[in-house]
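Engineer: Quick note on numbering that gives the first Met the number 0: the sequence shown kicks off at 0 and runs consecutively.
For glycine and all other residues, C-beta sits at the position ideal for the given N, C-alpha and C.
Quick one: this structure, given as structure tokens, is what I'll be asking you about.
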Amino acid sequence: MPYAIPALALLAVPALVAPALADESEARAVLAASADAIRQTQGFAAQFRLIGDGSAMIKSTMPAMNGRFIFAHHNGEPLIHILGEYRETADAEAVPFDVLRQPDTLTWTDDEKKTIFVRRASPEPRDAPGAARMLHMANLIQDDPFADTLANAESLELTASENVAGVECDVVTVKLVKGKAGHTSEKWYLAKSDRLPRKLEQLTDGGMIKFSLITEFSNLAVGPQAPALLDVRRPEGYTVDDRTKPVTRTNTTRLNPGDVTREEPARPETRRPTPTKPTNPAAPVFAFTDDAGATIDNNTQMGRVTVLYFWGTWCIPCRALSPEISKIAESYADKSVDTFGLAIRERNPDAPRAQMRDNNYHHRLVLDAAKVATAFKVRVYPTVVVIAPDGTIAYEGNPSQDRTAEKLAEEVRAAIDAALAG
């Protein structure tokens, strides 16, 4: 954050302000030059990797992937094709991926299901593979690759150049407006030679919790790409599941004598627009068994409010939040509300049991909840999710520098009350 200079000092030495303004102007110029280079290039291919960085506790829970990254123009549109291996967490089993990202569509090959999936790119399809969700360079196919970054920018700065995989790069640091993105700042590393990106670091600073996701290119080669690289693999015998095509009915219209019968898409009925309430996203499919042996899933929770508290005995911020979650469980015990504490990455199941018992916590314990955390895309611990009686996600949040455990608990209570009220 830029430091404040007293007004008298500004009057006495006005030149002190100039460097910051110059930095922002230079930073914008570097991004503009890179945007032009991306639009004008015939294409490029590179090796890439995505890694997480942060404390040892957080780093082990973060995703990772590596493989080939292809950028090209095909039929007048830009595309990104990535293929390689993806891990949901550092210790998870590697899963192969083959994903094609175009401006309006997302396509991937699923070898396990022997299916080619085609979906609309926005909003992000819930069944998209993890590699597609972690494709943080997807903005390269936009008309203005840095438009979203600049729209959410609070400040920009051109910092000292750095070397990435043997390539000297300008570094643009962008501080983002709070609440406008899932992270708090970005660092773009743009090659001085060809102005193409070599690295993107997305940083999240939540006060108590800090981490970053880094996408890095190496061995980048500029030039047109082979036709075989412009699409996902489509093995013989695989089915295609394409949900991008609109479902239309046809009208058979009889014209004047002598004319032929033609079929044309039915025109939609003109209706007066009616106001609608904002819709919450549906909760993913989940199932678990609590420590008392009760089986819980989407069906058992329909008609009830469900609070999922993702935590661990190793999690320092959880120490302040766990008592608040227990109070919530106790205060809503006579309502249609179930509160679960889903323990993650516990080597010894007796550790969370002892903490629950010693502190007389009232929420229900769930062990081995890693699959549930993956289903809800939990990347930060603790995280609290509130599911409404209709099965949609009413709230999701975690502590931060500006959101204490008490403040988060207030938000959770408000979400529960709203869900109960319908």
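Opposite N162 in the DSSP bridges: which residues?
Structural biologist: N162 is bridged to E167.
Engineer: Nearest-angstrom Cα distance between V171 and A152?
Structural biologist: Straight-line Cα distance between these residues: approximately 12 Å.
Engineer: Please name the residue, chosen from T104, E111, S154, A150, that lies closest to A137 on a Cα-to-Cα basis.
Structural biologist: Nearest of T104, E111, S154, A150 to A137, Cα basis: T104.
Engineer: What residue range is occupied by the uninterrupted alpha helix (DSSP H) comprising P196?
Structural biologist: Element bounds for P196: not the alpha helix (DSSP H) but the beta strand (DSSP E), 196-204.
Engineer: Rounding to the nearest angstrom, what Cα-Cα distance links V246 and I324 in this structure?
Structural biologist: Per-residue confidence for V246 stands at a pLDDT of 46, beneath the threshold of 50, marking its modelled position as unreliable; the derived number appears in the next sentence. Taking the straight line from one Cα to the other gives about 46 Å.
Engineer: Closest to R378 by C-alpha separation, out of G129, K326, G42, would be which residue?
Structural biologist: For the residues G129, K326, G42, the minimum Cα distance to R378 belongs to G129.
Engineer: Between S399, V173, Q300, which lies nearest to P283 when the distance is taken from Cα to Cα?
Structural biologist: Here the closest residue by C-alpha is Q300.
Engineer: State yes or no: is the C-beta of T114 within less than 8 Å of the C-beta of D230?
Structural biologist: Contact flag unset, no.
Engineer: Is A369 buried or exposed, if buried means 16 or more other CB atoms sit within 10 Å of its CB?
Structural biologist: Buried, by the Cβ-count rule.
Engineer: Tell me which same chain residues have a C-beta within less than 6 Å of the C-beta of V166, skipping the five on either side of it?
Structural biologist: For V166, where only same-chain residues beyond five positions count, the Cβ hits under 6 Å are A190, R197.
Engineer: Going by alpha carbons, who is nearest to E156 out of S54, L49, A31, S24?
Structural biologist: For E156, the nearest C-alpha among the options comes from S24.
Engineer: If I measure Cβ to Cβ from A227 and keep anything under 8 Å in the same chain, skipping five residues before and after, which residues do I get?
Structural biologist: There are no such residues.
Engineer: Which residues in the same chain have their Cβ closer than 7 Å to the Cβ of E422, if we skip the five residues on either side of it in sequence?
Structural biologist: Residue 422 is absent from the model: the chain starts at 0 and stops at 421.
Engineer: If you scan the stretch 64-112 from start to end, which runs of the beta strand (DSSP E) of 3 or more residues do you find wholly inside it?
Structural biologist: Listed in chain order, the complete beta strand (DSSP E) runs (minimum 3 residues) inside the stretch 64-112 are 76-86, 94-100, 104-109.
Engineer: By DSSP, does K209 sit in helix, in strand, or in coil?
Structural biologist: K209 falls in the strand class under three-state DSSP.
Engineer: What first and last residue would you give for the alpha helix (DSSP H) that runs through Q300?
Structural biologist: That run of the alpha helix (DSSP H) goes 297-300.
Engineer: When the Cα atoms are used, what is the spatial distance from V29 to E405?
Structural biologist: V29 and E405: Cα-Cα distance of roughly 43 Å.
Engineer: Ends of the alpha helix (DSSP H) at S184?
Structural biologist: Run containing S184: none in the alpha helix (DSSP H); it sits in the beta strand (DSSP E), 184-190.
Engineer: Give me the Cα-Cα distance between A418 and D389, rounded to the nearest whole angstrom.
Structural biologist: C-alpha separation (whole angstroms): 9 Å.
Engineer: With distances taken from CA atoms, which of K58, D52, D143 is nearest I37?
Structural biologist: With distances taken between Cα atoms, I37 lies closest to D143.
Engineer: Measure the beta-carbon distance from H80 to L49 and round it to whole angstroms, keeping in mind my assumption that it falls under 8 Å.
Structural biologist: Their Cβ separation, rounded to whole angstroms, is 16 Å, which puts H80 and L49 out of contact at 8 Å.
Engineer: From A350 to R194, what distance separates their C-alpha atoms?
Structural biologist: Those two C-alpha atoms are separated by around 52 Å.
Engineer: I392 and P280: beta carbons closer than 8 Å?
Structural biologist: It is a contact, given that the beta carbons lie within the stated cut-off.
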